[in-house]
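K.L.:
Going by the numbering used here, the first residue of the sequence shown is number 211, and it counts up by one from there.
Where a beta carbon is used, it is the ideal one built from N, C-alpha and C, also for glycine.
Below is a structure I'd like to ask you about.
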Amino acid sequence: MPGRGGDPATSTVADPLARTVRVVRSGAPLSVDPSGQAVIDRDAARGVVLLRRMVRLEEVPDTVPARMTADSRYVLWVNGTEVCRGPVRSHPQQLHFDELDLAPHLTVGDNVLAVLAHHYGHPTPWWMPATPTYGLGGGAFAFEARLGDGDWITSDASWRAKRSTAWRVLPAQGIAAHAPEWLDARELAPGWNLWGIDDGDWDDATELALNHIGYDGRPTPPVLPYGPIRRRPVPALTGEVRDAAAVGAAVAKQSSAVSDPVDQVQADLAACTTIHLVDPRLLPFPVSLSADFDAAVILLDLGEQVAGTVQLDIDAPAGTIVDALAAEQLDADGRLVPLQQHSGFRYVARGHDDHFETLDPIGLRYLGLALRGTGDVSVTAVRVRERLHPRPDGPSFECSDALLTRIWQVGRRTVDLCAQDAYLDCPSREQRAWTGDAVVHQLVDLTTNPDWSLARWNVELAATPRPDGMLPMAAAGDFAWVDATFIPDWALHWVHGLHNLAQYTGDKDLVRRLLPVAERVVQWFVPYLQDGLLTDVTGWVIVDWAAVSTAGASSVLNALWGRALRELRVLAELVGDTGRAEWAGTQWVQLRKAFAAFWDPDRQLFVDHIVDGERRPPVSQHANAAAVVARLTRGVDIEALLARITDPERLVHASWLVPGRAALVDGAGDMYADVGYLLTGPTEPWWDVEHQIVAAQPFFRYVVHDALAAADLADRIPAACRDWAVLLDRDPTTWSEVWFGGSHCHGWSSTPTRDLVQCTLGITPALPGFRRARIAPALGDLGWARGAAPTPFGLIRVDVTPNRLELETPVEANVVFGGHDTRVAPGEHVFE
């Protein structure tokens, strides 16, 4: 809207973002309760609204800067071409806008802007509702584009709007809390987003009221509940289009119809006596549906784990039902194994122009399609359009051990699949932005991706503390909305993520903004101090999925808090906050004195926990590695300590999730068979707690490896990273959640990809923001290694053998090689 100031192409916040609009509906979702409070019927608010706006141009301007946002999600087409999806996930009080130049998509003459606006109504793993005002909070779309001086297109009543009945709302199910999509294409006109469609039966869009308590009469944002609308902090998601190949087919008899498409495919698969393997070249896949069977089932393979929107093209009679079930795994009989995933869709064919794409992304490798109806059906194409955080070219790694090169690549691919509008635990089962998981994703991106925007954004996304200062265990989604529990140690990993950002970016403004959040996290633990140790800390102290004893005073939790105290001091000193720095330093000294209570002098190890003043016998890698990184090991021979906790003869892979040693073999059963322990407490250890040490699962191995590096034992990192070879047998392209199963693509398992850059090539910042780099390669048993890592000033390239180092650096660097520590200027250098 003109006259409000602020360039849509450059403004930080969306002023003048145009009025929000929503189609007229029968039965408004917003109302006022007897106390005068605005309330919302969330069931009535759920659904899809279609919006159209015609634009006639005598000429196309050189640029047409535009920006838009929605509560909850939208897709924008210009002349039938998709140009934008958004907005990025965020807390509803921090809504973001997307921006792009529409000029390349416009033509002289008639143009049509078309929008599909989707409001979830109820919380999802990637969205949480806004508190309603007296007009907003039940779904909205806002748009503006500048065609020239004083000439604007805005979201106002000139748009045509229709609440679509083609999409039907299904309930979310399971831990994933995904609601499968249901589209009846017979109720959606093909080409509704093109020019020549008759929209005479559509309504004029409704300009939603912006009233709220304290309303000042302005008809434009910033406004409650969203506040100043911010620019999208990460680039638009992108990726390749992956084609699926048919690998199996069957017919289902005596299979009943159910309303949930995921459950339908499962029921149909169960009714199939045999899955027949088929030639993967058979797409387009012909199927003749008849009354002789209830459904035909097709199994498709994407070739590897992928993540994005699923596309389906079919030729089928009107009313043919296609149900889909996504999965990461097939069993030995060729049947899908969902692994707690409940993702899929139902598509009802219109009989012509049957092209479908899901609104939300799905992570999968396999897709099961169950076809119901009568007549000939041809599945002409099934694809996944990957929608991932961009990864520019440049960073690399390879070495003399092909296995380690592959491990580095697999970790980077795993993180890429989990890097969308936030760092996700996995793209399949949950798609939640867990606060602690992300520290590994972030470290992989800081060392292998020139675009650090997601590494930065994810830390900011999670910086939404509860009133007591604790962070939600998963940000901007259903878990944060419900707030049923929290994970104290996840908040401490978040502090580490902020510390990582400060070291790599040197961004003092970011540190100043988030330092109070970090301090509140650290201060949250203080009331739990007894005799100098955190004791009986409430919430879910997860550590990782290993069987680590945490009752009473947990050494792992105390050590992670000690690391956070040290890092809080570093962050405070970076911005000259001496008060916070002194408090954190003093608190750490007191903790270091008290931490000695965990030391078992007979076994020369730190035990996992103390209960009622008594050291209990269980010992883990976690406790001892965390003590090293927190510098709580005064008087301890650290090298000997690390030798004990990495001795394979003493390690045991134990988890409270499974009922015993036998279940720790992949395929032996459900990884979550004993997840009820979260409510009832862990079982008694089944291993020899006096002599065995519980091994870290892949997530916490980042702390174990940090301990090796802190003890100047980085030369042991390549050998440690080879442990990941066991996971390649399960999935050759992505890392599993734990050593014994779980999801096939879990970003928190990707530590080696970071390590082979930070430790083996030895590339780290010596000063915040890489104002000076540190190059300290540690090859271990490797014959050579080479690669490139990003900095704010360009790539640092290292090519190293035991006797020669070639370095190309855009910044000054401290080079530790051959027993010497040398300061070098930017440029190319060779050390013999």
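Can you check which of these residues, Leu992, Ala853, Trp369 and Glu792, is closest to Ala917 by C-alpha distance?
P.N.:
Ala853
K.L.:
What distance in whole Å lies between the Cβ atoms of Val592 and Val497, which are believed to be in contact at a cut-off of 8 Å?
P.N.:
13 Å between Cβ atoms; not a contact.
K.L.:
Among all the DSSP beta bridges, which residues are the ones paired with Met278?
P.N.:
DSSP lists Asp308 and Phe353 as the beta-bridge partner residues of Met278.
K.L.:
What does Ala684 pair with, by DSSP beta-bridge criteria?
P.N.:
Trp644
K.L.:
Rounded to whole angstroms, what's the CA-CA distance from Ala672 to Ala686? Just pull it up for me.
P.N.:
Approximately 8 Å between the Cα atoms of the pair.
K.L.:
Quick one: what does DSSP say His1030 is sitting in, helix, strand or coil?
P.N.:
strand
K.L.:
How long is the line joining the alpha carbons of Ser282 and Glu849, rounded to whole angstroms?
P.N.:
53 Å
K.L.:
Which value, in whole angstroms, describes the spacing of the CA atoms of Gln713 and Gln652?
P.N.:
Approximately 13 Å, taken between the alpha carbons.
K.L.:
Among Ala534, Ile855, Pro400 and Thr291, which residue has its Cα nearest to the Cα of His562?
P.N.:
Pro400
K.L.:
When DSSP builds the beta bridges, which residues end up paired with Asp511?
P.N.:
BP columns for Asp511 point to Ala455 and Tyr576.
K.L.:
Going by DSSP, what residues sit across from Ser498 in a beta bridge?
P.N.:
Asp586
K.L.:
Quick one, are the C-beta atoms of Ala1044 and Ala769 less than 8 Å apart?
P.N.:
No statement about residue 1044 is possible, as the shown extent of the chain runs from 211 to 1042 and does not include it.
K.L.:
Pairing CB atoms from the region 374-390 with CB atoms from the region 312-320, are three or more of them under 8 Å?
P.N.:
no
K.L.:
Taking three-plus beta-carbon pairs below 8 Å as touching, is the region 428-440 in contact with the region 343-358?
P.N.:
With three or more CB-CB distances shorter than 8 Å, the region 428-440 counts as touching the region 343-358.
K.L.:
Would the region 408-427 count as touching the region 364-372 if we require 3 or more Cβ pairs under 8 Å?
P.N.:
Cβ pair count under 8 Å is three or more, so yes.
K.L.:
Can at least three beta-carbon pairs, one atom from the region 389-397 and one from the region 266-277, be found at a separation below 8 Å?
P.N.:
no
K.L.:
Using the DSSP secondary-structure output, state which residues sit across from Ile250 in a beta bridge.
P.N.:
Leu240
K.L.:
Use the C-beta contact count for Pro637: other C-beta atoms within 10 angstroms, 16 or more gives buried, fewer gives exposed.
P.N.:
By the 10 Å Cβ count, Pro637 comes out buried.
K.L.:
What runs of the beta strand (DSSP E), each 3 residues or longer, lie entirely inside the region 440-488?
P.N.:
451-453 and 455-462
K.L.:
Could you check whether Glu538 and Leu549 sit closer than 8 Å to each other, using their CB atoms as the reference points?
P.N.:
yes
K.L.:
Please classify Ser500: is it buried, with 16 or more other beta-carbons within 10 angstroms of its beta-carbon, or exposed?
P.N.:
Label assigned to Ser500: exposed.
K.L.:
To test your reading of the DSSP string, which unbroken alpha helix (DSSP H) runs of 4 or more residues are found completely within the region 740-796?
P.N.:
As far as the region 740-796 is concerned, its whole alpha helix (DSSP H) runs of at least 4 residues are 765-784.
K.L.:
In three-state terms, what does DSSP make of Asp533?
P.N.:
Asp533: strand per DSSP, three-state reduction.
K.L.:
Find out if the Cβ-Cβ distance for the pair Leu512, Ile485 is shorter than 8 Å.
P.N.:
no
K.L.:
Quick check on Leu487: buried or exposed, where buried means 16 or more other Cβ atoms within 10 Å of its Cβ?
P.N.:
Leu487 counts as exposed, since fewer than 16 other beta carbons sit within 10 angstroms of its beta carbon.
K.L.:
Just verifying my parser: in three-state terms, what is the DSSP assignment at Tyr557?
P.N.:
strand
K.L.:
State the beta-bridge partners of Pro975 as determined by DSSP.
P.N.:
Ala983
K.L.:
Buried or exposed, going by whether 16 or more other CB atoms sit within 10 Å of the CB of Ser236?
P.N.:
Residue confidence is low: Ser236 scores 48 on pLDDT, short of 50, so the model does not pin down where it sits. Its coordinate-derived value is still stated next. With fewer than 16 other Cβ atoms within 10 Å, it is exposed.
K.L.:
Have a look at the DSSP bridge pairing and note the partners of Met264.
P.N.:
Looking at the DSSP assignment, Met264 forms a beta bridge with Val322.
K.L.:
Where Thr483 and Trp897 are concerned, what is the direct C-alpha to C-alpha distance, given to the nearest angstrom?
P.N.:
42 Å
K.L.:
Report yes if the CB atom of Thr519 is closer than 8 Å to the CB atom of Thr590, and no otherwise.
P.N.:
no
K.L.:
With three or more C-beta pairs closer than 8 Å as the rule, is the region 700-711 touching the region 728-737?
P.N.:
yes
K.L.:
What separation, rounded to the nearest whole angstrom, lies between the Cα atoms of Pro1012 and Leu977?
P.N.:
26 Å
K.L.:
Around the Cβ of Tyr1052, are there at least 16 other Cβ atoms within 10 angstroms (buried) or fewer (exposed)?
P.N.:
Residue 1052 lies beyond the range of the chain shown here (211 to 1042); nothing can be said about it.
K.L.:
Do you know offhand how far Arg556's Cα is from Pro571's?
P.N.:
When the Cα atoms are used, Arg556 and Pro571 turn out to be separated by approximately 15 Å.
K.L.:
Which of helix, strand or coil does DSSP assign to Trp704?
P.N.:
It is helical.
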